[in-house]
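For reference, the structure is listed below as structure tokens.
Residue numbers (full-length UniProt numbering): 1 to 177.
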């Protein structure tokens, strides 16, 4: 029977990144580094907090810190953890953002600091409103003129192209002669 190698497998699965990040907090880290436990390898003295592993000797710990797995875990721990809001948005359940609302008093718009600034804003809004009204009037009158012209052109063309009235002979109706 052929021997199966388990070189890339560990007996005990490593902790998830969020749990390891939790264990790296100063209080938990100090507790895990100072307690002596005869059941752990090396009495619990040689502990790697990033990977949550115990080693028998300091040399084993140093060689572990040069491995690819250790360096990979360090990169994972340097990344910022996802927040609950980011997870919700990734799942399509985040807040709806329809863009910036229009008009005064919009959500997220800072209130004016002084009365003078508020008056300036009001004047600017009035100017914008007048411009809008003028544009609407121009658009409505020009459209109205175009519609009237189009109607006139249709009636002229209709008069010129009135269908001729067909006679009985042209229709092929027999006459009583």
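Quick reminder that beta carbons are idealized off the backbone N, C-alpha and C, glycines included.
For the alpha helix (DSSP H) containing residue i, name the first residue and the last one.
i, result
"residue 55", "Premise fails: residue 55 lies in the beta strand (DSSP E), 53 to 55, not in any alpha helix (DSSP H)."
Label residue i either buried or exposed according to how many other C-beta atoms from any shown protein chain fall within 10 Å of its C-beta, with 16 as the threshold for buried.
i, result
"residue 50", "buried"
"residue 53", "buried"
"residue 161", "In this predicted model, residue 161 has a pLDDT of only 48, less than 50, meaning its place in the structure is not dependable; the value taken from the coordinates is given anyway. That one is exposed."
"residue 125", "exposed"
Since I believe residue j is in contact with residue i (beta carbons under 8 Å), could you give me their beta-carbon distance rounded to a whole number of angstroms?
i, j, result
"residue 60", "residue 46", "7 Å"
"residue 44", "residue 36", "6 Å"
Do the CB positions of residue i and residue j come within less than 7 Å of each other?
i, j, result
"residue 17", "residue 76", "yes"
State the Cα-Cα distance for the pair residue i and residue j, rounded to the nearest angstrom.
i, j, result
"residue 41", "residue 87", "38 Å"
"residue 19", "residue 28", "12 Å"
"residue 74", "residue 84", "23 Å"
"residue 68", "residue 93", "37 Å"
"residue 48", "residue 25", "14 Å"
"residue 79", "residue 21", "10 Å"
"residue 15", "residue 66", "19 Å"
"residue 137", "residue 131", "10 Å"
"residue 118", "residue 23", "53 Å"
If I follow the unbroken beta strand (DSSP E) through residue i, where does it start and stop?
i, result
"residue 36", "Per DSSP, residue 36 belongs to no beta strand (DSSP E) and is neither H nor E."
"residue 46", "46 to 48"
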